[in-house]
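Engineer: I'd like to ask some things about the structure below.
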Amino acid sequence: MDVTTERQEGVLTAEVGGRIDGSNVAQFEEAIRTAIDENDRAVLIDCENLGYISSAGLRAVLMTAKSLSSRNAKFALCSMSDPIREVFQISGFDKIVAIHPSRAEALASFDS
Amino acid sequence: MLRFSEEIMLLLLSDNGGKFVDVPAPSLDCALAGAVLMDLALENRIDTDPQRLFVVDPAPLGDDLLDPTLARIVDSEATHDTAHWIRATTDQADAIHDRSLERLVERGILRREDDRFMWVFKSRRYPVIDDQTIREVKLRLMGVLFSDEIPDARDILLISLSDVCGIFSSLLSSSELDAAAQRIGQVRKLDLLGREVTNAVREIEASLAMAVAMPMH
Numbered sequence: 002m003d004v005t006t007e008r009q010e011g012v013l014t015a016e017v018g019g020r021i022d023g024s025n026v027a028q029f030e031e032a033i034r035t036a037i038d039e040n041d042r043a044v045l046i047d048c049e050n051l052g053y054i055s056s057a058g059l060r061a062v063l064m065t066a067k068s069l070s071s072r073n074a075k076f077a078l079c080s081m082s083d084p085i086r087e088v089f090q091i092s093g094f095d096k097i098v099a100i101h102p103s104r105a106e107a108l109a110s111f112d113s
Numbered sequence: 042m043l044r045f046s047e048e049i050m051l052l053l054l055s056d057n058g059g060k061f062v063d064v065p066a067p068s069l070d071c072a073l074a075g076a077v078l079m080d081l082a083l084e085n086r087i088d089t090d091p092q093r094l095f096v097v098d099p100a101p102l103g104d105d106l107l108d109p110t111l112a113r114i115v116d117s118e119a120t121h122d123t124a125h126w127i128r129a130t131t132d133q134a135d136a137i138h139d140r141s142l143e144r145l146v147e148r149g150i151l152r153r154e155d156d157r158f159m160w161v162f163k164s165r166r167y168p169v170i171d172d173q174t175i176r177e178v179k180l181r182l183m184g185v186l187f188s189d190e191i192p193d194a195r196d197i198l199l200i201s202l203s204d205v206c207g208i209f210s211s212l213l214s215s216s217e218l219d220a221a222a223q224r225i226g227q228v229r230k231l232d233l234l235g236r237e238v239t240n241a242v243r244e245i246e247a248s249l250a251m252a253v254a255m256p257m258h
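Chains as they are written, first to last, in our numbering: chain H, 2 to 113; chain G, 42 to 258.
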């Protein structure tokens, strides 16, 4: 699992690659938590290179969304492969967290 | 911190002097089995995906409610899905039930009273000594059900277990239950383990219904 981040105009984008499961979920949480700045108005997790996510990974994503929601920052996911999108949809995450087809659409949604 | 099985036993206590509300035994067995698996997942000992349940860390927790099930999963030569481990753990449901109540007594939350009915039949009750813990657990549940906030992982799993046991019908009025039904359904979906416990109970109920419907020879 690897996380690379960039920030533009108060929007943190974290590109996550590889697998997120119980063996590395703590590193994922730590990477996201330390990357988020208190002045960030939105956080986007780009899942284009995410190959696998387990229940532990889903919980970590949900807790990130919860933490950002509590301080009124926006949160979204984007660029999922079909199998990964299916996992998120089965779990009903798409009813709670914004999921966009592409990074451009996700970034545009933060300005709307 | 209470384990899920302890929280479920508290939520099942009726207000009537330390007796428990009636729950179909297969539902309670699945809920207690699921409760142990959920605690193991939140302790990062196991993890799941739709196809399998797998060990992340085989180290025992030093918790007699969880370690026996963890040891069985660690010792298993084959990998199985979550539904398999829920069914397999139901054979420990009586032990989980009894140990959970013992721990609530040891924590000073409940008191055990043994009575005799008509001087013959043994009857056991668990009157509440410290009702603050029960009130806190109920408040947590209500806080999730009647808000739009994203619930935390423990509350998602507790709502799944409570729903399986039919606890909400004893906690909520029928109008409150109607108002919360959609939210319960939404929250219950959010965790695979919660969904699998619900599915396991439905499978068992369907097989029992089929057995009843089968003509006798």
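Glycine included, C-beta positions come from ideal geometry on N, C-alpha and C.
Start and end of the alpha helix (DSSP H) containing I245(G)?
Structural biologist: Here the alpha helix (DSSP H) through I245(G) covers L233 to A254.
Engineer: By the criterion of Cβ-Cβ separation under 8 Å, what are the contact partners of T131(G) in chain H?
Structural biologist: Near T131(G) there are no residues of chain H at all, since even the closest Cβ is about 20 Å away, more than 8 Å.
Engineer: Determine contact between the stretch 223-232 of chain G and the stretch 191-204 of chain G, defined as no fewer than three beta-carbon pairs at a distance below 8 Å.
Structural biologist: With the cut-off at 8 Å, the stretch 223-232 of chain G and the stretch 191-204 of chain G touch.
Engineer: Given this structure, state the Cα-to-Cα distance separating A222(G) from S216(G), to the nearest angstrom.
Structural biologist: Rounded to whole angstroms, A222(G) to S216(G) spans 10 Å at the Cα level.
Engineer: Please give me, in chain order, every unbroken run of the beta strand (DSSP E) with length at least 3 that falls completely inside the stretch 132-220 of chain G.
Structural biologist: Runs found: 154-158 and 162-166.
Engineer: Any beta-carbon of chain G closer than 8 Å to the one on S92(H)?
Structural biologist: For S92(H), the answer is yes, since a Cβ of chain G falls inside 8 Å of its Cβ.
Engineer: Can you list, in chain order, the residues of its chain with a C-beta nearer than 7 Å to that of E237(G)? Leave out the 5 residues immediately preceding and following it.
Structural biologist: So the list reads T123, A124 and I127, once near-sequence residues are dropped.
Engineer: Any C-beta of chain H within less than 7 Å: which residues of the stretch 198-228 of chain G qualify?
Structural biologist: Correct list: Q227.
Engineer: Name the chain H residues that come within less than 8 Å of L233(G), Cβ to Cβ?
Structural biologist: Per Cβ cutoff of 8 Å: S56, L59 and S92.
Engineer: Would you kindly report the start and end of the unbroken beta strand (DSSP E) that includes R8(H)?
Structural biologist: Run containing R8(H): D3 to Q9, per the beta strand (DSSP E) assignment.
Engineer: At what residue ranges does the stretch 101-125 of chain G contain a whole run of the alpha helix (DSSP H), taking only runs of 4 or more?
Structural biologist: Whole alpha helix (DSSP H) segments, 4+ residues: 108-116.
Engineer: Assuming I137(G) contacts L94(G) under a Cβ cut-off of 8 Å, what Cβ separation, rounded to an integer in Å, is found between them?
Structural biologist: With a Cβ gap of about 17 Å, I137(G) and L94(G) do not count as contacting.
Engineer: Please confirm whether T89(G) and S24(H) have their CB atoms less than 8 Å apart.
Structural biologist: Contact: no.
Engineer: Below 7 Å CB to CB, which residues in the same chain sit around E30(H) once its five sequence neighbours on both sides are set aside?
Structural biologist: Closer than 7 Å at Cβ, skipping near neighbours: A61.
Engineer: List the residues that DSSP assigns as beta-bridge partners of E16(H).
Structural biologist: For E16(H), which the question treats as bridged, DSSP gives the partners T5(H) and D47(H).
Engineer: Got a sec? Which residues, its chain only, sit under 8 Å from P168(G) by beta carbon, not counting five neighbours each side?
Structural biologist: Once the five neighbours on either side are set aside, the close Cβ partners of P168(G) are G58, G59, L151, R152 and E154.
Engineer: Count the CB pairs spanning the stretch 129-136 of chain G and the stretch 163-177 of chain G that are closer than 8 Å, and state whether there are at least three.
Structural biologist: Output reads no: the stretch 163-177 of chain G does not touch the stretch 129-136 of chain G.
Engineer: Between which two residues does the beta strand (DSSP E) harbouring L78(H) extend?
Structural biologist: Unbroken beta strand (DSSP E) run through L78(H): K75 to C79.
Engineer: When you compare the CB positions of L249(G) and P99(G), do they come within less than 8 Å of one another, or not?
Structural biologist: Not in contact: L249(G) and P99(G) (Cβ atoms no closer than 8 Å).
Engineer: In angstroms with no decimal places, state the Cα-to-Cα distance between G93(H) and L52(G).
Structural biologist: In a straight line, the C-alpha of G93(H) is about 26 Å away from that of L52(G).
Engineer: Give the residues of chain H in contact with D139(G), contact being defined as C-beta atoms less than 7 Å apart.
Structural biologist: Ordered by position in chain H, no residue passes the 7 Å Cβ test against D139(G), which lies about 29 Å from the chain.
Engineer: Please state the DSSP three-state secondary structure of L54(G).
Structural biologist: In the structure shown, L54(G) sits in a strand (DSSP, three-state: E or B).
Engineer: What is the DSSP secondary structure of C69(H), reduced to helix, strand or coil?
Structural biologist: The sequence given here has Leu at residue 69(H), not Cys. Note: L69(H) maps to helix in three-state DSSP.
Engineer: Just the C-alpha distance for D22(H) and S164(G), rounded to the nearest angstrom, thanks.
Structural biologist: Cα to Cα, the separation comes out at about 46 Å.
Engineer: From this set, A119(G), R86(G) and P91(G), which residue's C-alpha is nearest T110(G)'s C-alpha?
Structural biologist: The shortest Cα separation from T110(G) among A119(G), R86(G) and P91(G) belongs to R86(G).
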